[in-house]
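Chains as they are written, first to last, in the numbering used here: chain A, 3 to 188; chain B, 3 to 188.
We put the beta carbon where it would ideally sit given N, CA and C, even for glycine.
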DNA sequence: CAGTATGTACAGAATATACTGCACGGACGG
DNA sequence: CCGTCCGTGCAGTATATTCTGTACATACTG
């Protein structure tokens, strides 16, 4: 069943996929990787790699690499389809879930190491009792900020899928609450 | 007064600046740009371009470009120092403010255009009453998500400088509140 | 077991990005 | 007015990243 369905994209799908690719590059994600993700996101069925390859006009091996990358990020899974030997791929369809997954992974890969480096820097400055007071102040404020911010962010991420709509409705109120609580506390 | 002070970096400063550079690249920001920013962030005084150049060992013109870029992001300002013809540069020192500024700019440059594209796509799908129901569902859910999310984020950003500490304290409570409100509403 | 389908690793080519060095222009200093 | 300082634009170079094509491994098919 090498029915390599030559899937061609509708104009809208194409528009979205291309834009998603650009978007990706601006956030440090490989264009092809982002495009593959967009394609899977729009596809109602799992898609085999060679079909992705022909649809996007990129080398088969490139698709392979991109899929591996996306699996690494935890938003693409390999699945099988009855009567087809080939691996098929699908992505998480729930947008909030995608966001959660990617954010957590990015935190793990990029923020956590930064926190570690900052902590080390501060530590080293505490040890060598030099006149680097200013540097230390700056680094500490940065460390504090990132710590609080990621903590907050993590809690938001931990909210159940779909809670977002609730947040949407509550919005204005909640933030105002935060603001006023702050005033009281300050 | 071409007192081009050959400033050399302390080990800690160097460590931070290098890491910040790497960090930058992972988020789609030029390494040198990030390094220049880190340098300014740690510096107690405004710094002239040639000093940045020699301290980081990058070409003068490269520094010039990077500074322009940082000014474009709104986190670096040109200032003058008495008795010195040269332009000096300083960055915002408040980390929360840096975060606010950069986030807003990134939203403006990257998220907003995406929202626009998504809206267009959805619109086009509504017009041409095709069988692209699935595509439309996906794109709509993405559009909804991004709309809500950026709205929420914007409100958070609008919180006064320093409110963050308050939020830090309130944290657990607030998020729990959000969660339970959701349950009630659902 | 031969033959074919499928997936992946990797070397080299192609491209994009970043950086340097210099040249030019304006402004200042005497 | 020179001579110098300073900033910026740009052409060419260097580097990093991405992509392709092929070669190889594995596993299924008959």
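(request) Return the chain-ordered ranges of every beta strand (DSSP E) run that is complete within the region 34-113 of chain B and spans a minimum of 3 residues. (result) Segments of the beta strand (DSSP E) lying fully in the region 34-113 of chain B: 78-83 and 86-93.
(message) Using a Cβ-Cβ distance cut-off of 8 Å, determine whether residue 2 of chain B contacts chain A.
(response) There is simply no residue 2 of chain B to check, as chain B begins at 3 and stops at 188 in what is shown.
(request) Could you work out which residue in A:33, A:157 and A:155 is closest to residue 69 of chain A when comparing CA atoms only? (result) Put simply, of A:33, A:157 and A:155 the residue whose alpha carbon is nearest the alpha carbon of residue 69 of chain A is A:33.
(message) In this structure, how does DSSP classify residue 19 of chain A when only helix, strand and coil are distinguished?
(response) Assignment of residue 19 of chain A by DSSP, reduced to helix, strand and coil, places it in the helix class.
(request) State the Cα-Cα distance for the pair residue 188 of chain A and residue 49 of chain B, rounded to the nearest angstrom. (result) Note that residue 188 of chain A has pLDDT 29, beneath the 50 cutoff, so the model's placement of it is unreliable and the number below is only indicative. Near 35 Å, if we compare the C-alpha coordinates of residue 49 of chain B and residue 188 of chain A.
(message) If we define contact as Cβ-Cβ less than 8 Å, is residue 143 of chain A a contact residue for chain B?
(response) Yes, residue 143 of chain A lies at the interface with chain B (some Cβ there is under 8 Å from its Cβ).
(request) Could you check how far apart the C-beta atoms of residue 147 of chain B and residue 97 of chain A are, in whole angstroms? I think they sit under 8 Å. (result) Contact between residue 147 of chain B and residue 97 of chain A holds, with the beta-carbon distance rounding to 4 Å and staying under 8 Å.
(message) Which same chain residues end up closer than 6 Å to residue 102 of chain A when comparing Cβ atoms and leaving out the 5 residues on each side of it in sequence?
(response) These residues qualify, in order along the chain: 159.
(request) Compute the distance between the beta-carbons of residue 39 of chain A and residue 11 of chain A, then report whether it is under 8 Å. (result) No, the Cβ-Cβ distance between residue 39 of chain A and residue 11 of chain A is not below 8 Å.
(request) Return the chain-ordered list of same chain residues with a C-beta closer than 6 Å to the C-beta of residue 22 of chain A, the five sequence neighbours on each side being excluded. (result) Around residue 22 of chain A: 36 and 40.
(message) So that I know if they touch, is there some Cβ in chain A lying closer than 8 Å to that of residue 30 of chain B?
(response) Taking a beta-carbon distance threshold of 8 Å, residue 30 of chain B counts as an interface residue toward chain A.
(request) Pull out every residue of the region 9-28 of chain B whose Cβ sits closer than 8 Å to any Cβ of chain A, in chain order. (result) Cβ contacts with chain A come from 12, 13, 14, 15, 17, 18, 21, 25, 27 and 28.
(request) Compare the beta carbon distance of residue 75 of chain A and residue 107 of chain A with 8 Å and say whether it is the shorter of the two. (result) Note that the C-beta distance between residue 75 of chain A and residue 107 of chain A is below 8 Å.
(request) Would you mind stating whether residue 43 of chain A and residue 9 of chain A have Cβ atoms separated by less than 8 Å? (result) A distance of 8 Å or more separates the beta carbons of residue 43 of chain A and residue 9 of chain A.
(request) To the nearest angstrom, report how far apart residue 55 of chain B and residue 13 of chain B are at their CA atoms. (result) Residue 55 of chain B and residue 13 of chain B: Cα-Cα distance of roughly 18 Å.
(request) Could you check if residue 230 of chain B is buried or exposed, using at least 16 other CB atoms within 10 Å of its CB as the buried criterion? (result) Any question about residue 230 of chain B goes unanswered here, given that chain B covers just 3 to 188.
(message) With H, G and I counted as helix, E and B as strand and the rest as coil, what does DSSP make of residue 151 of chain A?
(response) Three-state result, residue 151 of chain A: helix.
(request) Kindly indicate if chain B contains any beta-carbon less than 8 Å away from that of residue 147 of chain A. (result) So, interface residue.
(request) Note down the Cα distance separating residue 186 of chain A from residue 152 of chain A, rounded to an integer number of angstroms. (result) Summary for residue 186 of chain A: the model assigns pLDDT 41, below 50, so the residue's position carries little reliability, and this model does not support an answer.
(message) I need the straight-line Cα distance from residue 100 of chain B to residue 78 of chain A, nearest angstrom please.
(response) The straight-line gap from Cα to Cα measures roughly 34 Å.
(message) Using the three-state DSSP reduction, which class does residue 10 of chain B fall into: helix, strand or coil?
(response) The three-state secondary structure of residue 10 of chain B, taken from DSSP, is coil.
(message) Less than 8 Å between the C-beta atoms of residue 145 of chain A and residue 137 of chain A, yes or no?
(response) At the C-beta level, residue 145 of chain A and residue 137 of chain A stay beyond 8 Å of one another.
(request) Quick one: grab the DSSP three-state call for residue 26 of chain A. (result) Looking at residue 26 of chain A - three-state DSSP - the assignment turns out to be helix.
(message) Tell me which residues share the same chain as residue 19 of chain A and place their Cβ nearer than 8 Å to its Cβ, disregarding the 5 neighbours each side in the sequence.
(response) If we look at residue 19 of chain A and ignore the five residues flanking it on each side, its Cβ neighbours are 11, 37, 40, 41, 44 and 58.
(request) Let me know the secondary structure DSSP gives residue 132 of chain B once reduced to three states. (result) In this structure, residue 132 of chain B counts as coil in the three-state DSSP scheme.
(message) For the region 39-58 of chain A, list every residue whose C-beta sits within 8 Å of some C-beta in chain B, in sequence order.
(response) Contacts with chain B (Cβ-Cβ distance below 8 Å) from the region 39-58 of chain A involve 43, 44 and 46, listed in chain order.
(message) Here's the rule: buried if 16 or more other CB atoms are within 10 angstroms of the residue's CB, otherwise exposed. What is residue 15 of chain A?
(response) Counting Cβ neighbours within 10 Å, residue 15 of chain A comes out buried, since at least 16 surround it.
(request) For residue 137 of chain A, decide whether its Cβ has a neighbour in chain B, counting only Cβ atoms nearer than 8 Å. (result) Contact of residue 137 of chain A with chain B is assigned, a C-beta pair being separated by under 8 Å.
(message) Between the alpha carbons of residue 115 of chain A and residue 156 of chain A, how many angstroms are there, rounded?
(response) About 16 Å.
(request) Determine, using beta carbons only, whether residue 17 of chain B and residue 119 of chain A come nearer to each other than 8 Å. (result) A contact, by the Cβ cut-off of 8 Å.
(message) With distance defined between alpha-carbon atoms, name the residue in A:95, A:121 and A:30 nearest to residue 143 of chain A.
(response) Among A:95, A:121 and A:30, the Cα nearest to that of residue 143 of chain A belongs to A:121.
(request) Grab me the residues of residue 1 of chain A's own chain with a C-beta within less than 6 Å of its C-beta, minus the 5 sequence neighbours each way, in chain order. (result) Not covered by the structure: residue 1 of chain A. The range shown for chain A is 3 to 188.
(request) From the DSSP output, in three-state form, read off residue 162 of chain A for me. (result) The answer is coil: DSSP assigns residue 162 of chain A none of H, G, I, E or B.
(message) Which same chain residues end up closer than 8 Å to residue 134 of chain B when comparing Cβ atoms and leaving out the 5 residues on each side of it in sequence?
(response) Closer than 8 Å at the Cβ level, and outside the excluded window around residue 134 of chain B, lie 127.
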